[in-house]
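When we follow UniProt numbering, the leftmost residue of the sequence shown carries the number 1, and every step to the right adds one. The beta-carbon is built from N, C-alpha and C at its ideal position, and this holds for glycine as well.
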Amino acid sequence: MGNNDYLSEEEQFKEILNNEEISRIKDPELRNIRFKYWNLLHQTFLDEQRIPDSMLGKEFDKIKAEEKKELDEYRQRSNKD
């Protein structure tokens, strides 16, 4: 994978990324964070028997808020360099 295949700084922090985009994040720590939350959202979506439709949006919002918090913490750590 060449440098041109990696996402830009701005792109890697977009609210929604797909698997292919996440795999193009250069920093392994950030890539792992994004995959973790992508998987949580995916599993929540697949768990529709347990989670009623009326609660699905709230679950997604909760996961996205947790992801945003972790991304903010990551940015603070990486900006200390």
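Check                                                                                : Outcome
Under the three-state DSSP convention, the category Asp47 falls into                 : coil
First through last residue of the alpha helix (DSSP H) which encompasses Asn19       : 19-22
Test item: CB-CB of Leu40 and Ile63 under 9 Å                                        : yes
Delimiting residues of the alpha helix (DSSP H) encompassing Ile63                   : 53-78
Among Pro28, Glu9, Arg77, Tyr37, nearest to Ala65 - alpha-carbon criterion           : Tyr37
Contact set for Glu59: own chain, Cβ-Cβ below 8 Å, skip 5 residues either direction  : Thr44, Ile51
Exposure of Ile22, with buried meaning 16 or more beta-carbon neighbours within 10 Å : buried
C-alpha gap between Phe13 and Arg75, whole angstroms                                 : 10 Å
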